[in-house]
Amino acid sequence: GVMLDVTARRAVEEELAEREAHLRLLLEEVPAVIWSVDADLRFTSSTGGGLGALGLRPGEVVGRTLEDFFGTGDPSFPAIAAHRRALAGEPVDYELVWAGRTYHSHVEPLRAADGAVRGAVGVAVDLTDRKAAEEELRRSYELLRRADAHRRELMARLVRAQEEERRRIAADIHDDAVQKMTAVGLRLEALARRVEDETARELLARLQATVATTITRLRTLLFELRPPALDRSGLADALRERLAQLRDEAGLSVELEDRGPAPLPDEIKITAYRIAQEALANVRKHAAARSVRVALDNLDGGLLVRVADDGVGFQAADLGAAEPGHLGLEAMRERAEQAGGWLRVRSRPGAGTTVEAWLPLAGGAGSPGSDVVPTTPGSLGPASPTPGSPGA
121 GVMLDVTARR AVEEELAERE AHLRLLLEEV PAVIWSVDAD LRFTSSTGGG LGALGLRPGE
181 VVGRTLEDFF GTGDPSFPAI AAHRRALAGE PVDYELVWAG RTYHSHVEPL RAADGAVRGA
241 VGVAVDLTDR KAAEEELRRS YELLRRADAH RRELMARLVR AQEEERRRIA ADIHDDAVQK
301 MTAVGLRLEA LARRVEDETA RELLARLQAT VATTITRLRT LLFELRPPAL DRSGLADALR
361 ERLAQLRDEA GLSVELEDRG PAPLPDEIKI TAYRIAQEAL ANVRKHAAAR SVRVALDNLD
421 GGLLVRVADD GVGFQAADLG AAEPGHLGLE AMRERAEQAG GWLRVRSRPG AGTTVEAWLP
481 LAGGAGSPGS DVVPTTPGSL GPASPTPGSP GA
């Protein structure tokens, strides 16, 4: 007799059996269909968790041919054509709708040790749910695209209506109030030349000064209603004129940086100007600033408008309702959101205030929403984008 030590072999066999069981379980649970066929296109194996969707059990189709399974011998049928190409040595991908499900399949040649093709092996992944999700996503995107186009059209109409009303009011003021006040001023001047009484002359002089001040304010109102440079030269020149006016009236140091896209659609140009105009009005009324800087930038397929001052700033909790006579933060935010953009305000007592508004030119990045957030002391100028914002 002969006695051999097979302990190591038994250990290897047990490990191999365990791995085979694990692999079999894995193949049965994977959400796909895996099969193999011989050179006669007869199934030699079938497994995978995807068999259940076809009403099949693992190994149930073994022994049947592809023609028998699909009920056709048409060589142009996608599955049959793909397997014949695989038997010829070519890996093939194809898509097939079967039993109400959509499958993406990949078939490879199955080669023997000598390299000869003995059959084919394939795997099919059920794309039905993903296709349905993609179609639903496509429909949702189309609805959003149409809604966005409709919103843009409404916004453009609203802006045009507002600006037309501003033009009409400006024309009425120019043709009526300014002309009449100018005529009053000329008559007072003529009357003053004919009056000899010193007291009456002083009274007429005060009246003339009042009329001149009124005419100046009316002309300023005309500029605010519709700055000529906005139509003539564009957004940057209109803001330069507004900054020059602010410098002359309030003694501020002003600066404009123009790196924005051009040309701008009328509604975006007008909306950006109105937001910057209100932000500059707030600087003059509330900031007690020494300098103000306006920047126009090209960001994420849109226009970024930034107005930064070195004034007293404020706490977010101190931001109350808009004062009579100006739009306030809420109106600026509404203007930006009507255009599909966002508005952000950064401020802190003693650290100045930065107002940023982003307006998309043609369906740019999404909006992080409007907010009022504190800045660190001494922060003047470009605010760092927050995580998740279009500038991040």
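So in our numbering, spot 86 of the sequence shown is number 206, and the numbers just go up one at a time.
Each residue gets a CB set at the ideal place from its N, CA and C atoms; glycine is no exception.
Please report how far the alpha carbon of residue i lies from the alpha carbon of residue j, in whole angstroms.
{"i": "residue 428", "j": "residue 151", "result": "57 Å"}
{"i": "residue 214", "j": "residue 201", "result": "10 Å"}
{"i": "residue 273", "j": "residue 265", "result": "12 Å"}
{"i": "residue 481", "j": "residue 170", "result": "47 Å"}
{"i": "residue 378", "j": "residue 334", "result": "34 Å"}
{"i": "residue 472", "j": "residue 331", "result": "37 Å"}
{"i": "residue 261", "j": "residue 271", "result": "15 Å"}
{"i": "residue 417", "j": "residue 322", "result": "53 Å"}
{"i": "residue 254", "j": "residue 420", "result": "26 Å"}
{"i": "residue 290", "j": "residue 280", "result": "15 Å"}
{"i": "residue 315", "j": "residue 341", "result": "33 Å"}
{"i": "residue 329", "j": "residue 374", "result": "29 Å"}
{"i": "residue 406", "j": "residue 430", "result": "12 Å"}
{"i": "residue 205", "j": "residue 226", "result": "12 Å"}
{"i": "residue 451", "j": "residue 399", "result": "11 Å"}
Assuming residue i and residue j form a contact by the criterion Cβ under 8 Å, report the distance between their Cβ atoms to the nearest whole angstrom.
{"i": "residue 229", "j": "residue 209", "result": "5 Å"}
{"i": "residue 159", "j": "residue 239", "result": "6 Å"}
{"i": "residue 432", "j": "residue 408", "result": "5 Å"}
In terms of residue numbering, what span does the alpha helix (DSSP H) encompassing residue i cover?
{"i": "residue 279", "result": "248-292"}
{"i": "residue 429", "result": "It is not in any alpha helix (DSSP H) - residue 429 instead sits in the beta strand (DSSP E) that spans 422-429."}
Start and end of the beta strand (DSSP E) containing residue i?
{"i": "residue 477", "result": "473-480"}
{"i": "residue 378", "result": "373-379"}
{"i": "residue 304", "result": "Run containing residue 304: none in the beta strand (DSSP E); it sits in the alpha helix (DSSP H), 299-314."}
Less than 8 Å separating the beta-carbons of residue i and residue j?
{"i": "residue 324", "j": "residue 306", "result": "no"}
{"i": "residue 357", "j": "residue 349", "result": "yes"}
{"i": "residue 182", "j": "residue 196", "result": "no"}
{"i": "residue 203", "j": "residue 157", "result": "yes"}
{"i": "residue 347", "j": "residue 367", "result": "no"}
{"i": "residue 216", "j": "residue 199", "result": "yes"}
{"i": "residue 327", "j": "residue 308", "result": "yes"}
{"i": "residue 403", "j": "residue 412", "result": "yes"}
{"i": "residue 463", "j": "residue 392", "result": "no"}
{"i": "residue 161", "j": "residue 124", "result": "no"}
{"i": "residue 153", "j": "residue 244", "result": "yes"}
Using only CA atoms, which one of the options lies nearest to residue i?
{"i": "residue 351", "options": "315, 385, 377 and 370", "result": "385"}
{"i": "residue 297", "options": "218, 371 and 336", "result": "336"}
{"i": "residue 448", "options": "206, 395, 227 and 461", "result": "395"}
{"i": "residue 173", "options": "220, 188, 216 and 256", "result": "220"}
{"i": "residue 267", "options": "299, 458, 285 and 463", "result": "458"}
{"i": "residue 381", "options": "175, 453, 398 and 415", "result": "415"}
{"i": "residue 389", "options": "250, 237, 423 and 304", "result": "423"}
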